[in-house]
Amino acid sequence: MANTITSCRILCSVMLLFFPVFSPLFYILYCVAGFTDMIDGVIARKTGSVSEFGSTLDSAADFVFITVCLIKLLPVLTISTQLWIWVGMIAVTKIINVISGYIVQKRLVVKHTVLNRITGAMLFILPLTVSAVDLKYSASIACAVASFAALQEGYLIRMGSHKQ
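For the sequence shown, the working numbering begins at 18 and goes up steadily by one.
The following block contains the structure:
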């Protein structure tokens, strides 16, 4: 059941491509995709159906959702050069984490830490708040949390910690 819910996130993400940004249908699909992200892991744990495949599918669904959101949102948002540099530094850190994880643990390592979850929630909320909060402030807070999350993730990966 959890994998079906995760698959729904992929479907909703792809459907976002066909609706105008910030339209009612865009918001509905966006929120449904976000909701599936919140409940799929909970359902997997409650039903005892946690699996390596489910974890990989969840990461793939997150990647599809994020990619589609970037495709749709970046053209309509005004983002400062400083913010782009910060995001780039976070991305480089995350890439180094993936490479380090493979070197240290001989497998793809994705840490679902509390800070990573908070970062995800903040990034999810960001498009819902652009009409009320200046992006430079909300994105700076999200980037600060994401920076700490990426550093923590790198530390845990390099130490070989299985702690989530």
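Ideal Cβ placement from N, Cα and C applies to all residues, glycine included.
- Here the alpha carbons of G58 and S66 stand approximately 9 Å from one another.
- In the DSSP annotation of this structure, the continuous segment of the alpha helix (DSSP H) that includes V59 starts and ends at 41-63.
- Per DSSP, F80 is one residue of the alpha helix (DSSP H) stretching across 69-90.
- With respect to the C-alpha of V31, the residue from D79, N20, M55, M18 having the closest C-alpha is D79.
- Looking at the backbone, the Cα of L91 and that of W101 are separated by about 11 Å.
- When Cβ pairs closer than 8 Å are counted between the two stretches, the segment 154-170 is seen to touch the segment 125-138, the count reaching three or more.
- Taking a cut-off of 8 Å on C-beta distances, the segment 170-179 does not touch the segment 136-148, as fewer than three cross pairs fall below it.
- Proximity to A50 across A159, V93, C29, M139 peaks at C29, based on C-alpha coordinates.
- Straight through space, the alpha carbons of G171 and L33 are spaced by roughly 32 Å.
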